[in-house]
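Student:
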Amino acid sequence: MPNHLINETSPYLLQHAHNPVDWYPWGEEALALARSQDKPILLSIGYAACHWCHVMAHESFEDEETAAYMNRHFVNVKVDREERPDLDSIYMQAVIALTRSGGWPMTVFLTPEGEPFYGGTYFPPAPRYGMPSFHQILASVSQAWRDRRAEVRQGASELARHIQQDMNLMARGPALDADLLPRAIVQIQRGYDRTWGGFGGAPKFPQPMTIEFLLRHHARFGDQDALAMAEHTLQMMAHGGMYDQVGGGFARYATDDHWLVPHFEKMLYDNAQLSRVYLHAWQVTGSPFYRRVVEEVLDYVLREMRHPAGGFYSSQDADSEGVEGKFYVWQSDEIEAVLGEDADLFMRAYGVTRQGNWEGENILHLPRPIAETVQQMNLPPEEGWARLAAARRRLYEARARRVWPGLDDKVLTAWNGLM
2 MPNHLINETS
12 PYLLQHAHNP
22 VDWYPWGEEA
32 LALARSQDKP
42 ILLSIGYAAC
52 HWCHVMAHES
62 FEDEETAAYM
72 NRHFVNVKVD
82 REERPDLDSI
92 YMQAVIALTR
102 SGGWPMTVFL
112 TPEGEPFYGG
122 TYFPPAPRYG
132 MPSFHQILAS
142 VSQAWRDRRA
152 EVRQGASELA
162 RHIQQDMNLM
172 ARGPALDADL
182 LPRAIVQIQR
192 GYDRTWGGFG
202 GAPKFPQPMT
212 IEFLLRHHAR
222 FGDQDALAMA
232 EHTLQMMAHG
242 GMYDQVGGGF
252 ARYATDDHWL
262 VPHFEKMLYD
272 NAQLSRVYLH
282 AWQVTGSPFY
292 RRVVEEVLDY
302 VLREMRHPAG
312 GFYSSQDADS
322 EGVEGKFYVW
332 QSDEIEAVLG
342 EDADLFMRAY
352 GVTRQGNWEG
362 ENILHLPRPI
372 AETVQQMNLP
382 PEEGWARLAA
392 ARRRLYEARA
402 RRVWPGLDDK
412 VLTAWNGLM
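Under this note's numbering, the residues of the sequence shown are numbered 2 to 420, in order.
1. G352: which of I364, E63, D257 sits nearest, CA to CA?
2. Taking only the alpha-carbon atoms, compute the straight-line gap between A239 and A33 and give it to the nearest angstrom.
3. Check whether the Cβ atoms of A50 and S321 sit closer than 8 Å, and answer yes or no.
4. Check M268 in the structure and name its three-state DSSP category.
5. Give the DSSP-derived three-state secondary structure of M243 in the structure shown.
6. Can you tell me whether DSSP reads N72 as helix, strand or coil?
7. Taking the alpha helix (DSSP H) that G103 falls in, what are its first and last residues?
8. By a C-beta neighbour count over all protein chains shown, 10 Å radius and 16 as the cutoff for buried, is D1 buried or exposed?
9. Taking just the CA atoms, how far does F313 sit from D410?
10. Quick check: what's the CA-CA separation for R424 versus L280?
11. What residues are listed by DSSP as bridge partners for N8?
12. Between which two residues does the alpha helix (DSSP H) harbouring I189 extend?
13. Measuring CA to CA, which of N77, S37, K40, D39 is closest to P21?
14. Is it the case that the region 35-50 contacts the region 99-119, given that we only count it when at least three CB pairs across the two stretches are under 8 Å?
15. If I'm right that F265 touches A338 with Cβ under 8 Å, what's the distance once you round it to whole angstroms?
16. To the nearest angstrom, how far is the alpha carbon of A401 from that of E384?
17. Which of the three DSSP states, helix, strand or coil, is assigned to L216?
18. Helix, strand or coil, according to DSSP, for Y254 in the structure here?
19. For S276, collect the residues of the same chain with a Cβ closer than 7 Å to its Cβ; drop the 5 residues on either side in sequence, then sort them by chain order.
20. Can you tell me whether I364 is helix, strand or coil according to DSSP?
21. Rounded to whole angstroms, what's the CA-CA distance from S333 to R393? Just pull it up for me.
22. Which partner residues does Y119 have in the DSSP bridge list?
23. Could you give the DSSP three-state label for L177: helix, strand or coil?
24. Which value, in whole angstroms, describes the spacing of the CA atoms of G28 and V80?
25. When DSSP builds the beta bridges, which residues end up paired with N77?
26. I'd like to know if the region 124-137 and the region 95-103 are in contact, where contact means that at least 3 CB-CB pairs between them fall below 8 Å.
27. Span of the alpha helix (DSSP H) holding P289?
28. Would you mind working out which of P207, D271, V285, K267 sits nearest R217, comparing C-alpha positions?
29. Going by Cα to Cα distance, which pick from Q376, L380, D271 is closest to W416?
30. Please list, in chain order, all residues of the same chain as L88 whose beta carbon is under 6 Å from its beta carbon, the five residues on each side excluded.
31. Would DSSP call D320 helix, strand or coil?
32. Taking all protein chains shown into account, decide if R388 is buried (16 or more other Cβ within 10 angstroms of its Cβ) or exposed.
33. Under DSSP, the alpha helix (DSSP H) around M57 begins and ends at which residues?
34. Let me make sure I understand the geometry here. Which of D345, F328, A372, A344 has the alpha-carbon closest to that of V404?
35. Out of T108, A399, E114, which one is the CA nearest neighbour of Y123?
36. Less than 8 Å between the CB atoms is what I'm expecting for E213 and V278, so what's the real figure, rounded?
Put into structure tokens, the structure is as follows:
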């Protein structure tokens, strides 16, 4: 029997409409129920393309025993963070204040008035790597609400005031001055990975606005180090497994520091911003490499993310057939079967081995520039490039016969504005 999400339009909420958990959408009905029953609210926030959201749903929200406990002790509310970025931002601040980290799925426990008092992200079904189980969390929160209600409410009120103060500070903000730009460059240089490109360590996000800032700073002041940081990062990302070497488009982030292993979901907002950054890199440098990436990303968006009535969809899932990345990875014998005599050239160019580079499978990437591989194979450059382009098309056609990842077909105004 479906729960209260059945009449929603969000693909993420509809994914949970047949859970045994009695989910409600965010709104007065759920808040009024919590007040009338004097129950805390269990707020779960995620999005359709989120791999760990699917994992927690399968492990906990589809489990009858866990669902029965949730229904007995909590009013359970599901939110699509892409529909309600306001709620996502507020409660993410609470989770970060409580745990010093954040992410999705986000799990937050609220008073009936909506004030947060405990939270986290993914919780496993059994204790793991020092993390308590989800059932242990549920039991502890339920007991605290029952036995230490006044203390819980006081902590929730203090946390709510803290979040409100932070929001007021962010709204006012410091005055802008010209010294901000050189200070920003210094901070970027400190975090820059001069080996693999990008900023900070794993997991690595593409940070298109940082790269855009570096390109603009170079254009304005002639800063060659800013250009070098931007170019190195753009090249390493597009050579890595975070970039779909067969179909175009970037995944949301890499789980390692050298851009090989992606979190396989593809988001419209990432590809919108990255296509613009690569376009600007081409305008600054004239390099055909950046132009090729731009064209491939835009071709991908038009081919796979465009709504027939206009606008663009929100995201493609990381999972297909319940397995993360299954749609995108390859065995060497699969490639040989599809490409025949061109398989050796392709596998050398895209780092394919018998043993694989990720869980026995191959994530396609460019361990060296294509021109080097073509030269090593003693091929004329034009022939090598043409054969590899044809090989990518044939692999795309073969991949298209697989079970596709899920599609979040929401058309969000803000993200479409970026595109």
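No residue lacks a Cβ here, since even glycine has one placed at the ideal position from N, Cα and C.
Tutor: Looking at the atomic coordinates:
1. Your numbering for residue 352 matches position 351 in the sequence shown. Among I364, E63, D257, the Cα nearest to that of G352 belongs to I364.
2. To locate residue 239, count along the sequence shown from 1; it is residue 238. To locate residue 33, count along the sequence shown from 1; it is residue 32. In a straight line, the C-alpha of A239 is about 50 Å away from that of A33.
3. Walking along the sequence shown from the start, residue 50 turns up at place 49. Walking along the sequence shown from the start, residue 321 turns up at place 320. No.
4. Here residue 268 corresponds to residue number 267 of the sequence shown, with the count starting at 1. If DSSP states are grouped into helix, strand and coil, M268 belongs with the strands.
5. For this step, residue 243 is matched to residue 242 along the sequence shown. DSSP places M243 in coil when its eight states are reduced to three.
6. Locating residue 72 in the sequence shown gives position 71, where the first residue counts as 1. Three-state result, N72: helix.
7. For the purposes of this step, residue 103 is taken as residue 102 along the sequence shown, with counting starting at 1. Unbroken run through G103: none, as it is neither H nor E.
8. There is simply no residue 1 to check, as the chain begins at 2 and stops at 420 in what is shown.
9. One-based indexing of the sequence shown puts residue 410 at position 409. One-based indexing of the sequence shown puts residue 313 at position 312. So the two alpha carbons sit approximately 8 Å from each other.
10. Lying before the first or after the last residue shown, residue 424 is absent from the chain, which here runs from 2 to 420.
11. If you number the sequence shown from 1, residue 8 lands on position 7. The partner list for N8 (beta bridge, DSSP) is empty, contrary to what the question assumes.
12. Position 188 of the sequence shown, counting from 1, holds the residue named residue 189. Where I189 is concerned, the enclosing alpha helix (DSSP H) starts and stops at 181-192.
13. Stepping through the sequence shown from its first residue, residue 21 is reached at position 20. The option with the nearest alpha carbon to P21 is N77.
14. yes
15. In the sequence shown, the residue the question calls residue 265 occupies position 264. In the sequence shown, the residue the question calls residue 338 occupies position 337. About 23 Å; that fails the 8 Å criterion.
16. Walking along the sequence shown from the start, residue 401 turns up at place 400. Walking along the sequence shown from the start, residue 384 turns up at place 383. Rounded to whole angstroms, A401 to E384 spans 26 Å at the Cα level.
17. The residue labelled residue 216 in the question sits at position 215 within the sequence shown. Helix.
18. Counting from one through the sequence shown, the residue named residue 254 turns up at place 253. Correct three-state label for Y254: strand.
19. Within the sequence shown, residue 276 is the residue found at index 275, counting from 1. Same-chain partners within the cutoff: V295, V298, L299.
20. As a first step, residue 364 is located in the sequence shown; it is residue number 363 there, counting from the start. Here I364 sits in coil by DSSP.
21. Residue mapping note: residue 333 aligns to position 332 of the sequence shown, counting from 1. Residue mapping note: residue 393 aligns to position 392 of the sequence shown, counting from 1. For S333 and R393, the distance between alpha carbons rounds to 14 Å.
22. Residue 119 sits at position 118 when you count from the first residue of the sequence shown. Paired residues: F110.
23. Position 176 of the sequence shown, counted from the first residue, corresponds to residue 177. Coil, per DSSP.
24. On the sequence shown, residue 28 is found 27 positions in, with the first residue counted as 1. On the sequence shown, residue 80 is found 79 positions in, with the first residue counted as 1. Rounded to the nearest angstrom, the two C-alpha atoms are 10 Å apart.
25. Here residue 77 is taken as the residue at index 76 of the sequence shown, counted from 1. Answer is W24, L43.
26. no
27. On the sequence shown, position 288 is the one that residue 289 refers to. Its alpha helix (DSSP H) spans residues 289-305.
28. Residue mapping note: residue 217 aligns to position 216 of the sequence shown, counting from 1. For R217, the closest alpha carbon among the candidates P207, D271, V285, K267 is that of V285.
29. Numbered from 1 along the sequence shown, position 415 holds the residue referred to as residue 416. Sorting Q376, L380, D271 by C-alpha distance to the C-alpha of W416 places D271 at the top.
30. Taking the sequence shown and counting its residues from 1, the one referred to as residue 88 is at position 87. Counting only Cβ-Cβ distances below 6 Å, and skipping sequence neighbours, we find V80.
31. Counted from its first residue, the sequence shown places residue 320 at position 319. In this structure, D320 counts as strand in the three-state DSSP scheme.
32. What you label residue 388 is simply residue 387 of the sequence shown in a count that begins at 1. Its Cβ being crowded by 16 or more others within 10 Å, R388 is buried.
33. Numbered from 1 along the sequence shown, position 56 holds the residue referred to as residue 57. It spans 52-57 - the alpha helix (DSSP H) in which M57 sits, taken as one unbroken run.
34. On the sequence shown, position 403 is the one that residue 404 refers to. Among D345, F328, A372, A344, the Cα nearest to that of V404 belongs to F328.
35. Along the sequence shown, read from residue 1 onward, the residue named residue 123 stands at position 122. Considering only alpha carbons, the answer is T108.
36. Reading the sequence shown from its first residue, position 212 is the one you call residue 213. Reading the sequence shown from its first residue, position 277 is the one you call residue 278. Confirmed, Cβ separation roughly 5 Å.
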